[in-house]
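For reference, each letter of the sequence shown is one residue, going 359 to 560 in our numbering. Using N, Cα and C, we set each Cβ at its ideal position, and we do this for glycine too. Predicted, not measured: the structure shown is a model, and the values here were computed from it. To start, the structure under review is shown below, and the notes come after it.
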Amino acid sequence: MLFSPFHSSVQPLPAPVKTQLKAGGFWHKGCPVGLGELRLLAVTYRGFDRRGHTGQLIVNERAAEPLAGVFRRLYRLHFPIRHMALDDMYGPPRGRPADDDVTGSFHCRQAVPSPCSSGTGTGSWSMHAYGLAVDVNPLENPYVGCGQSRDPATRPYFDRSRHRPGMVTRRAIRAFRSIGWGWGGAWTGNTKDYMHFSSTGH
């Protein structure tokens, strides 16, 4: 099968996207970054249908070009991504993918506590609130703690020894590591965030 070549672009957030973020509560006054510090990153990615698609992420301006390089590497690795459109992440809830398997970045919110905890917030900003984190295929790469996840649909993917399409691979980890980003699947202790990559590793 012939694949389209990889393309990427970076641009300031268009006015309709800013409006979408504010209307959906994904950005609000008090967030640790301003809308002017964010960028719209468009990249080619391989879908689970083995075809090339154009995906979009909202990321921190200083991470945009490095992340374009990461997604170029993932594309060359034939690493499949399920959903990566802006409306998949920021559109009206009824229009988002039913499987919620959306690869995304910016979301002005607190860090999510471990599934070991019953809490809903940590009191500290998530790296997503800075646009300096990317969650990849959340269904195949769950956030797990104490043998449980907040999404029961992810349970088949708790066993990381049995690889299936969309699960993070060593080469995918190296792609993010090439720009200095760490992986939540490498955290010590009982909590692992297999979908999560960030500039700090947290």
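Using three-state DSSP, classify residue i as helix, strand or coil.
i	result
Gln-378	helix
Leu-398	strand
Arg-408	coil
Gly-540	strand
Leu-393	helix
Rounded to the nearest angstrom, how far is the Cβ of residue i from that of residue j, given a contact under 8 Å?
i	j	result
Leu-399	Gln-378	Not really, about 16 Å apart at Cβ, beyond 8 Å.
His-436	Arg-404	6 Å
Tell whether a beta-carbon distance below 9 Å holds between residue i and residue j.
i	j	result
Gly-410	Tyr-433	yes
Asn-418	Leu-497	no
Val-494	Ile-439	yes
Phe-384	His-441	no
Met-485	Val-526	no
Val-492	Thr-549	no
Phe-555	Trp-545	no
Phe-364	Phe-429	yes
Count the other CB atoms, across all protein chains shown, that sit within 10 Å of the CB of residue i; report buried if there are 16 or more and exposed otherwise.
i	result
Gly-542	buried
Arg-529	exposed
Pro-510	exposed
Arg-397	buried
Met-359	Interpretation of Met-359 is limited by its pLDDT of 48, a score under 50 that renders its predicted location unreliable; the figure taken from the coordinates is listed afterwards. By the 10 Å Cβ count, Met-359 comes out exposed.
Ser-367	exposed
Ala-456	exposed
message: I'd like the ranges of any alpha helix (DSSP H) spanning at least 4 consecutive residues and lying wholly in the stretch 422 to 479.
response: 444 to 448
- request: Could you name each continuous beta strand (DSSP E) segment of 3 residues or more that falls completely within the stretch 473 to 536, going from the start of the chain to the end?
  value: 491 to 493, 501 to 503
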